[in-house]
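For the sequence shown, the numbering used here assigns the number 1340 to the initial residue and increments by one for each residue that follows.
C-beta: ideal position from N, C-alpha, C; glycine also.
Working notes, beginning with the structure itself.
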Amino acid sequence: MDYLASERSRTRRADPQWILPECKSILVLAFPYSPFSKNNSEFQIASYALGDDYHDVIPPRLQEIVQFIEEQVGHSIPNRYYTDTGPILERELAQRAGLGWIGKNSMLIHPQAGSTFLLAEILLGIELEYDEPFTTDHCGTCTRCVDACPTQCILPNRTLDARRCISFLTIENKGDIPENLRGSIQNWIFGCDICQQVCPWNRFAMPADPTLEPFIPLPVLTSDLTLTSSEFNQRFKRSPIQRAKRRGYLRNLAVAVGNIGNETHIPILEQASNDEEPLVQEHAKWAKEKINNRKP
Ligand code: B12
Ligand code: SF4
Ligand code: SF4
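Rendered as structure tokens:
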């Protein structure tokens, strides 16, 4: 995630007028995904990733909103829109737009809708009536997310050590998963929802936007360890899981099998130990050893 620290991205994050010089207002939107749907599998995938890829689904909706506003004002408006795709402080903007507060788990939490939504922004070259920022904090003395995080990456100053976060390790990280963190990943194979699952404010989570309803062919099975590239692409062609690529997905699955599997999984791990990708080989060998060491 080095791009976050690049000079270009830091400058742009600091002032949206670097992105759209005419920018006078920013409309911040929240698109709910299915709150912690049952994966129907022994392996867990973050809920947002069970539906169509939001990078594909949300932008056309943002475009429709721009068109609607242009129709209302009767002329075209300079605009740019984003959902997790640009150098924008999405959670801070959402807080400033009055959508909620930034919790100890660093998620933007809406008091009536929890945090199970994705954020999107439309930068507009017209002045709109601004909402008041959300200024209160409703975490209070609660520390459920801090206590539940398996890698202890939620820090006391409300930041996150992203290098230890399961979401980073299983999605953004393209290399090895550090051995000392593999056990903590448990059975998560893409992303992690633990710090949101335990958050009391997610009792109020909204139902999913229809376009973000889960669709991927589940359950994930241990036999996925032998998926070919074309089978992987076919299975996840509309899914955010594509981001991990076959090698990252198999790496994650091998670690999860090592964490929760038993000796019946040894043959398939043997097969994965000879995978064309060294990354998969190494994690499958680790998993095999872990299961062997657990044998009574
Ligand atoms: C990098 C990134 C990650 C990294 C690091 C996350 C982190 N917490 O630092 C990793 C890969 C670990 C990650 C994981 C996840 N992510 Co992410 N991620 C991003 C991304 C691309 C950039 C965030 C970032 O680091 N920005 C740079 C730093 C400087 O900004 P920042 O962290 O937002 O912090 C600023 C503000 O929050 C503000 N701030 C912080 N506290 C406070 C308090 C107050 C009072 C105020 C005023 C301001 C303030 O100051 C900070 C500095 O300016 C954003 C999209 C985006 N463009 O914002 C999505 C985003 C934050 N992720 C999102 C999601 C859904 C997730 C996951 C839930 C996915 C999953 N299920 O696996 C997990 C959750 C992990 C967690 N507890 O945060 C959503 C969050 C939606 C929401 N309701 O909050 C976002 C907004 C994407 C989107 N468009 O919806 N993510
Ligand atoms: S997403 Fe998982 S690993 Fe990351 S901070 Fe939340 S609980 Fe911890
Ligand atoms: S679990 Fe508790 S401390 Fe963590 S974000 Fe939710 S309310 Fe805040």
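In its chain, beyond the 5 residues on either side, Leu1566, Ser1568 and Phe1571 have a beta carbon closer than 7 Å to the beta carbon of Arg1585.
For Trp1527, the enclosing beta strand (DSSP E) stretches over residues Trp1527 to Phe1529. When DSSP states are grouped into helix, strand and coil, His1449 belongs to the strand group. Around the C-beta of Thr1509, 16 or more other C-beta atoms lie within 10 Å, and the residue is accordingly described as buried.
By the neighbour-count criterion, in which a residue is buried when 16 or more other Cβ atoms sit within 10 angstroms of its Cβ, Leu1458 is buried. Listed by position in the chain, the residues whose beta carbon lies within less than 5 Å of some heavy atom of ligand 3 are Gly1442, Lys1443, Asn1444, Cys1478, Cys1481, Arg1483, Cys1484 and Cys1538.
When DSSP states are grouped into helix, strand and coil, Ile1599 belongs to the helix group. A distance below 7 Å between beta-carbons, with the five flanking residues on each side excluded, links Ser1348 to the following residues of its chain, in chain order: Tyr1342 and Pro1426. Looking at the DSSP output, Ile1441 sits in a beta bridge with Leu1447. In terms of side-chain proximity, the C-beta atom of Phe1543 is found no nearer than 7 Å to any non-hydrogen atom of ligand 1. By the Cβ test, the stretch 1512–1531 is in contact with the stretch 1584–1603, since at least three Cβ pairs between them sit closer than 8 Å. Look at Thr1422: its beta carbon is less than 7 Å from one of the heavy atoms in ligand 1. The way I'd put it, the stretch 1576–1584 does touch the stretch 1379–1392; three or more beta-carbon pairs between them come closer than 8 Å. In this structure, Gly1587 has its beta carbon at no less than 7 Å from each heavy atom of ligand 1. DSSP places Arg1497 outside both helix and strand once states are collapsed to three, so it counts as coil.
According to DSSP, residue pairing for Gln1383 in a beta bridge involves Trp1527.
Residue pairing of Ala1459 in beta bridges, as defined by DSSP: Leu1368. DSSP places Asn1512 in the coil class of the three-state scheme, outside both helix and strand. The C-beta of Thr1490 has 16 or more other C-beta atoms within 10 Å across all chains shown, which makes the residue buried.
Using a 10 angstroms sphere on the CB of Arg1503, the tally of other CB atoms reaches 16 or more, which defines it as buried. For Tyr1393, the enclosing alpha helix (DSSP H) starts and ends at Tyr1393 to Val1412.
A straight line joining the alpha-carbon of Gly1442 with that of Thr1475 spans about 11 Å.
In this structure, Thr1455 has its beta carbon at no less than 7 Å from each heavy atom of ligand 2.
C-alpha of Cys1484 to C-alpha of Leu1494: approximately 11 Å in a straight line. In the displayed model, Tyr1469 falls within coil according to three-state DSSP, outside both helix and strand. The C-beta distance from Leu1447 to Ser1364 rounds to 19 Å, too long to fall under 8 Å, and the pair is not in contact. Under DSSP, Tyr1420 shares a beta bridge with Ile1461. In this structure Ala1595 does not touch Phe1370 by the C-beta definition: roughly 28 Å separates them, more than the 8 Å allowed.
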